[in-house]
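Here's the structure we're looking at; comments come further down.
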Amino acid sequence: MTNPHAERIPTMVADVRRHAANAEHPWDCDAISWPDLPKGATVVEVGGYTGRWSLQMVERYDVRLFAFEPQPWAAATCRAVLGDRARVLAYGLGDRYDVLPMAEWETDGCSFAKSADGAHVAPVHEITAAFEELGITHIDLLLMNIEGYEYTLLPHMLDRGLLPQRLVVQFHIFDDYGVGMGRIFDRLAGAGYRVLWTYGVVLTAWERS
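Written out as structure tokens, the structure reads:
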């Protein structure tokens, strides 16, 4: 399929690189501050968009990085940003293999969880099978920003025993989102996680003991 954004990719890459150098908020600083990551650590970004966080991680640390982004144009930009320093997969991660409608297409709010008219769809791979296929057996750090689909994916990960050593999640506000967040927090605590730092729904980090 022809990428309608192909001509814009160099400009978008330059924009990502320019913004990656600037930490605009305290949570931006915390999200990229992992000085004790071991050499060759496996780092995963679920919802990579155009690669800003992943770029900062590969520039700061000697890590093995995987970024998952279902929007084709964003995945293409992410690949151009990261080059051969990371692997970019142009599909989403979920609780099953499927092709799902996405709302707010071609924006940073694009989501499997929001009401969509079906005009745009994207592939989803079941997360444990995808990781097995890619040879991901241990995850040192996973960052998730998937516009509401975290309420589906995180419980599935816990059900399947997929437990990154460190987990960073942005939560999104939907009906009864507080109930969903509370259940996830409880389940993470039950799986041996403790909160490292939190900015509420904006970003929260856990570490597993």
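Counting with this note's numbering, you get residues 1 to 209 for the letters of the sequence shown.
We put the beta carbon where it would ideally sit given N, CA and C, even for glycine.
Under DSSP, the alpha helix (DSSP H) around residue 129 begins and ends at which residues? Within the sequence shown, numbered from 1, the residue matching residue 129 stands at position 129. 127-134 is the span of the alpha helix (DSSP H), which, as asked, contains residue 129.
For residue 92, three-class secondary structure by DSSP: The count along the sequence shown starts at 1 and reaches residue 92 at position 92. Looking at residue 92 - three-state DSSP - the assignment turns out to be strand.
If we count Cβ pairs, one from each stretch, closer than 8 Å, do we get three or more for the segment 131-141 versus the segment 150-157? no
Evaluate residue 173 with the Cβ neighbour count: other Cβ atoms within 10 Å of its Cβ, from every protein chain shown; 16 or more gives buried, anything less gives exposed. Working through the sequence shown from its first residue, we reach residue 173 at position 173. Under this definition residue 173 is an exposed residue.
How close, in whole Å, do the beta carbons of residue 92 and residue 112 come, if the pair is a contact with beta carbons under 8 Å? Reading the sequence shown from its first residue, position 92 is the one you call residue 92. Reading the sequence shown from its first residue, position 112 is the one you call residue 112. Sure, about 6 Å apart at Cβ, within 8 Å.
Where are the beta strand (DSSP E) runs, 3 residues long or more, that stay fully inside the segment 149-182, in chain order? 166-169
Residue nearest to residue 139 in terms of C-alpha spacing, selected from 64, 203 and 6: For the purposes of this step, residue 139 is taken as the residue at position 139 of the sequence shown. For residue 139, the nearest C-alpha among the options comes from 64.
Through-space distance from residue 88 to residue 1, alpha-carbon basis: One-based indexing of the sequence shown puts residue 1 at position 1. One-based indexing of the sequence shown puts residue 88 at position 88. Bear in mind that a pLDDT of 47 at residue 1, under 50, signals an unreliable position, so the number given afterwards is only what the model happens to contain. So the two alpha carbons sit approximately 18 Å from each other.
Helix, strand or coil for residue 50, going by three-state DSSP, please let me know. The count along the sequence shown starts at 1 and reaches residue 50 at position 50. If DSSP states are grouped into helix, strand and coil, residue 50 belongs with coil.
If we require 3 or more residues per run, which beta strand (DSSP E) segments fall completely within the segment 11-61? 41-46
Where residue 82 falls: helix, strand or coil (DSSP): The residue labelled residue 82 in the question sits at position 82 within the sequence shown. Reduced to three states, the DSSP call for residue 82 is helix.
Boundaries (first-last residue) of the beta strand (DSSP E) holding residue 204: Looking up residue 204 in the sequence shown gives position 204. Note, residue 204: beta strand (DSSP E), 204-208.
Out of 175, 206, 202 and 17, state which residue places its alpha-carbon closest to the alpha-carbon of residue 185. Within the sequence shown, numbered from 1, the residue matching residue 185 stands at position 185. Residue 185 has its Cα closest to that of 206, out of 175, 206, 202 and 17.
Do residue 179 and residue 204 have their C-beta atoms within less than 8 Å of each other? In the sequence shown, the residue the question calls residue 179 occupies position 179. In the sequence shown, the residue the question calls residue 204 occupies position 204. Not a contact, by the Cβ cut-off of 8 Å.
When you compare each of 35, 74 and 149 to residue 96 by their alpha carbons, which one comes out closest? By 1-based counting over the sequence shown, the position of residue 96 is 96. Answer by Cα proximity: 149.
Of the choices 72, 182 and 77, whose alpha-carbon is the least far from that of residue 13? Within the sequence shown, the letter at position 13 stands for residue 13. Of the candidates 72, 182 and 77, the one whose C-alpha sits nearest the C-alpha of residue 13 is 77.
Name, in chain order, the residues that DSSP records as bridge partners for residue 197. On the sequence shown, position 197 is the one that residue 197 refers to. Note: residue 197 sits in a beta bridge opposite 205.
DSSP three-state assignment for residue 70, whether helix, strand or coil: Along the sequence shown, one-based indexing puts residue 70 at 70. Residue 70 falls in the coil class under three-state DSSP.
Cα-Cα, which of 68, 176, 163 and 200 is closest to residue 190? Within the sequence shown, the letter at position 190 stands for residue 190. Nearest C-alpha to residue 190: 163.
Give the range of the beta strand (DSSP E) segment to which residue 98 is assigned. Numbered from its first residue, the sequence shown carries residue 98 at position 98. In the DSSP assignment, residue 98 falls within the beta strand (DSSP E) that extends over 98-101.
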